[in-house]
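Beneath this line is the structure, given in structure tokens, with notes to follow.
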Amino acid sequence: MNVDDLLYSMRSGAEQSDDAIAEFVAGVSSGAISRPQAAAWLAWAFQRGLSDRETVALTRAMTHSGDVLEWPQGTTLIDKHSTGGVGDKVSLILAPVWAALDMRVPMISGRGLGHTGGTLDKLEAIPGFRTDLDESELRRVLAEVGCFITGQTRALAPADRVLYALRNETCTVESIPLIVGSILSKKLAEGVHRLVLDVKTGSGAFMQTLEGSRQLAETLVRVAKGYGVHCTAAITAMDRPLGRAIGNGVEVEESIACLKGEGPADLRELVIALADHPGAARVLDSGEAYEKFEAMVAAQGGSLDGGLRDPDADRYLIAAPRSGFVTRVDARSMGRAAFVLGAGRRRAEDGLDYGVGLWMGTALGDEVRAGQTLSTVLHRQGRALDEAIAWVESGLEISDAPVEVTPLVHDLIA
Ligand code: URA
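Have a look at this one:
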């Protein structure tokens, strides 16, 4: 089929054959299909949705657009992926937890997107930490430590790099079949056997309704299982931030606390729930998970000895205007506050300030007194401080009556 025929067929709304989808993805990777042509295809896919069969074909074609890693027989590989949230630092903790439990974790992660944080950006707050391991390096770190966290190599799922950037530019991110193809192609290219998905729901997530998140979780699990991967998904709360730290350096600090058996209760609860292993709490409390984290950091070129990058941010305290109960801590507003301070990037080429962000002094459901610190804003010499304060204040609510806090884990899909 030539490109015109492919596009006319897609435009007409006809269900696409596996071959037509494979040709589209191959054309995207080779450049035979131009960016505007690919953007039009994505917009039609976004508009009409894709059938289950088309979604499976898209995932397969994207997975095989590059190398698929193979590992020695007898090695069971596990990985986790979150659909993205605010304060979500679980990957930094879960990879070493699993490694401390003798599992192998080849984790390929992404950068922040919009108001959501990215695992690679957080880890790069550690001086020297490399997120660009090549294939021989990632094999070495996995063998020596049991886990690595790195970025997509050029050879893994290259079609996703092109399509993901186009979706970002054309507002076609929030499409279940396109998200499924994007997430699973990267994970299947890693060669994992077991996959744990954290599908976020609420204001800070890409899927804001429970119904949409459930549909996404079910499709992800169904398609992954079709490839022989043992896959489960947890649908978890992202109406409020996870933990107390939002930003890059502060989230590394909070992850280290959790890895040492400390840190906020909700973060520990989610790590243990997603770990799905009876030994998870033990390796957090014994320090074994932290030892794995230190080993991974060292193996990836980082050092925790001299502190994190961009230290000494300035502090501004937001105090409770009245006594009462915290009935709203809106995840999206807190994410936007950290973003405008410089924790996220507006364009792909922007740099980050690793020292800015928020420490939340309170959580949903807490009782507070007038004057108590609700949030410490870490800013760089006042840059975007007023905007950040406005975001934090607009996302917090204090009422006379307590609110019932919804569970952190809404549902498990297996
Ligand atoms: N994460 C991804 O890797 N891809 C998406 O499309 C959404 C979240």
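According to the numbering used here, the sequence shown is numbered sequentially starting from 3.
Ideal Cβ positions, reconstructed from N, Cα and C, are used throughout, including at glycine.
Quick one: what does DSSP say residue i is sitting in, helix, strand or coil?
{"i": "G359", "result": "strand"}
{"i": "L306", "result": "coil"}
{"i": "V70", "result": "coil"}
{"i": "G120", "result": "coil"}
{"i": "D268", "result": "helix"}
{"i": "L343", "result": "helix"}
{"i": "Y229", "result": "coil"}
{"i": "E146", "result": "helix"}
{"i": "V88", "result": "coil"}
{"i": "T78", "result": "coil"}
{"i": "R348", "result": "coil"}
{"i": "V411", "result": "strand"}
{"i": "S177", "result": "coil"}
{"i": "F295", "result": "helix"}
{"i": "M109", "result": "strand"}
{"i": "F327", "result": "strand"}
{"i": "R284", "result": "helix"}
{"i": "L52", "result": "coil"}
{"i": "D7", "result": "helix"}
{"i": "V201", "result": "strand"}
{"i": "I237", "result": "strand"}
{"i": "I423", "result": "Because the chain is modelled from 3 through 416, residue 423 falls outside the range shown and cannot be assessed."}
{"i": "A301", "result": "helix"}
{"i": "T57", "result": "helix"}
{"i": "L251", "result": "Here residue 251 is Gly; the residue named in the question, Leu, does not match the sequence. Correct three-state label for G251: helix."}
{"i": "D21", "result": "helix"}
Evaluate residue i with the Cβ neighbour count: other Cβ atoms within 10 Å of its Cβ, from every protein chain shown; 16 or more gives buried, anything less gives exposed.
{"i": "C149", "result": "buried"}
{"i": "V92", "result": "buried"}
{"i": "E264", "result": "exposed"}
{"i": "T211", "result": "exposed"}
{"i": "E369", "result": "exposed"}
{"i": "V328", "result": "buried"}
{"i": "Y10", "result": "exposed"}
{"i": "Q383", "result": "exposed"}
{"i": "P108", "result": "buried"}
{"i": "L414", "result": "exposed"}
{"i": "P179", "result": "buried"}
{"i": "Q49", "result": "exposed"}
Just tell me which of the options has its CA closest to the CA of residue i.
{"i": "F295", "options": "L244, T408, L125, H195", "result": "L125"}
{"i": "E72", "options": "A191, E293, L199", "result": "A191"}
{"i": "A97", "options": "D7, K227, V411, I258", "result": "I258"}
{"i": "R142", "options": "V99, G303, E253", "result": "G303"}
{"i": "I80", "options": "S377, L276, I391", "result": "L276"}
{"i": "D104", "options": "R334, R50, P243, L144", "result": "L144"}
{"i": "Q75", "options": "A42, W100, G193", "result": "G193"}
{"i": "E351", "options": "L115, L165, L218, V225", "result": "L115"}
{"i": "V299", "options": "L52, L94, S32, G326", "result": "L94"}
{"i": "M64", "options": "P160, R371, K82", "result": "P160"}
{"i": "L158", "options": "W100, D54, V70", "result": "V70"}
{"i": "A365", "options": "D268, C173, W393", "result": "D268"}
{"i": "E137", "options": "N170, R311, M3, T152", "result": "T152"}
{"i": "V231", "options": "M3, L199, M336, G33", "result": "L199"}
{"i": "R385", "options": "V407, G373, V358, E406", "result": "V358"}
{"i": "T234", "options": "G33, A416, S31", "result": "A416"}
{"i": "V407", "options": "G326, A239, F341", "result": "A239"}
{"i": "A301", "options": "N250, E253, T133", "result": "T133"}
{"i": "S288", "options": "D21, A47, R50, V99", "result": "V99"}
Rounded to the nearest angstrom, what separates residue i and residue j at their Cα positions?
{"i": "G204", "j": "G119", "result": "15 Å"}
{"i": "P7", "j": "E25", "result": "With the sequence shown as reference, residue 7 is identified as Asp, and Pro is not the correct amino acid for it. So the two alpha carbons sit approximately 11 Å from each other."}
{"i": "D402", "j": "V331", "result": "16 Å"}
{"i": "S177", "j": "S305", "result": "39 Å"}
{"i": "D162", "j": "T221", "result": "18 Å"}
{"i": "L286", "j": "Y292", "result": "7 Å"}
{"i": "M209", "j": "I181", "result": "11 Å"}
{"i": "R196", "j": "A28", "result": "27 Å"}
{"i": "P243", "j": "R270", "result": "14 Å"}
{"i": "D241", "j": "V5", "result": "43 Å"}
{"i": "A41", "j": "V164", "result": "10 Å"}
{"i": "G228", "j": "F131", "result": "36 Å"}
{"i": "A345", "j": "S32", "result": "34 Å"}
{"i": "C173", "j": "A167", "result": "10 Å"}
{"i": "L122", "j": "I128", "result": "10 Å"}
{"i": "R246", "j": "L376", "result": "11 Å"}
{"i": "P280", "j": "I274", "result": "9 Å"}
{"i": "G309", "j": "E255", "result": "10 Å"}
{"i": "V379", "j": "H83", "result": "29 Å"}
Say whether chain C places a C-beta atom closer than 9 Å to the C-beta of residue i.
{"i": "I110", "result": "No chain C appears in the structure shown, which is made up of a single protein chain."}
- [ ] Let me know the beta strand (DSSP E) ranges lying completely inside the segment 352-405, each 3 residues or longer, listed in chain order.
- [x] 359-362, 375-381, 398-401
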